[in-house]
Amino acid sequence: MRKHAQWKVGLKLWLDVFDKAALRFESYAQIRDLWLQTSAWNVDRIPHELLEAGSQKGPLDIYKNKCRIIAWLNPKSGTFYIKDVCSHAEYDRWWREQTKSNRPKR
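Take 4 as the starting number for the sequence shown in our numbering and just add one per residue.
See the structure below:
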C-alpha cells in the first residue's frame, strides 16, 4: 500500500474482504460478485468475451475508477493471485495486450 498510498482506502477494504485463507472461488465471476457486494463499485471493467480463450485474469476496480487490481484465478485450488495494482493508464496498456481486439470506442 505504500506504493499506492492514494488508494489506501480501497486497498484496505480489498484486503479486509479477501485476505482470508478459507476463501475459495470456482470462477472469476464469484470474485467480482463478492467485491461488488462489499464495495458497491462497478467491477466489470472488461467484457469476458474479449479476453483470450482460457484466460483466468481480469481487472477489478478498487478505488472507484482510479485503481485497478488485476487478479489471476487458479481454478484447481480455488485461490487467486494479485498480478498487479495499477492506475487507469497502466490498466489500459494491460487491457490492449490481453484482449483479442482493440478497445471499443465509447
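Built from N, CA and C at the ideal position, the CB exists for glycine as well.
Quiz item: Using the C-alpha atoms, what's the distance from A8 back to H91?
Solution: The count along the sequence shown starts at 1 and reaches residue 91 at position 88. The count along the sequence shown starts at 1 and reaches residue 8 at position 5. Looking at the two C-alpha atoms, the distance is approximately 15 Å.
Quiz prompt | Bridge-paired residues (DSSP) for Y84 | solution = In the sequence shown, counting from the first residue as 1, residue 84 sits at position 81. According to DSSP, which records beta bridges pairwise, Y84 is partnered with W75.
Exercise. For S30, I'd like the list of residues in its chain whose CB is within less than 8 Å of its CB, leaving aside the five on either flank, ordered along the chain.
Key: Within the sequence shown, numbered from 1, the residue matching residue 30 stands at position 27. Correct list, in chain order: L76, P78.
Quiz item: Measuring CB to CB, does I73 end up less than 7 Å from D87?
Solution: Stepping through the sequence shown from its first residue, residue 73 is reached at position 70. Stepping through the sequence shown from its first residue, residue 87 is reached at position 84. Cβ distance < 7 Å, so I73 and D87 count as in contact.
Practice problem: Look at the alpha carbon of T41 and the alpha carbon of K11, and state the distance between them as a whole number of angstroms. | Solution: Translated into the one-based positions of the sequence shown, residue 41 becomes position 38. Translated into the one-based positions of the sequence shown, residue 11 becomes position 8. Answer to the nearest angstrom: the Cα atoms are 16 Å apart.
Quiz prompt | Burial state of I85 (16 or more Cβ within 10 Å) | solution = By 1-based counting over the sequence shown, the position of residue 85 is 82. Classification for I85: exposed.
Quiz item: Taking just the CA atoms, how far does K6 sit from K15?
Solution: Sequence index remark: in the sequence shown, residue 15 carries index 12 (1-based). Sequence index remark: in the sequence shown, residue 6 carries index 3 (1-based). Near 13 Å, if we compare the C-alpha coordinates of K6 and K15.
Self-check item: Same chain, Cβ closer than 7 Å to G81, neighbours up to 5 away in sequence not counted
Solution: Counting from 1 along the sequence shown, the entry for residue 81 is found at position 78. For G81, where only same-chain residues beyond five positions count, the Cβ hits under 7 Å are R27, F28, E29.
Exercise. Note the first and the last residue of the continuous alpha helix (DSSP H) segment covering A24.
Key: Numbered from its first residue, the sequence shown carries residue 24 at position 21. Counting along the chain, A24 falls outside any alpha helix (DSSP H), and DSSP gives it neither H nor E.
Quiz item: Short check: CB of G13 to CB of C89, under 7 Å?
Solution: Residue 13 sits at position 10 when you count from the first residue of the sequence shown. Residue 89 sits at position 86 when you count from the first residue of the sequence shown. In this structure, C89 does not lie closer than 7 Å to G13 by Cβ.
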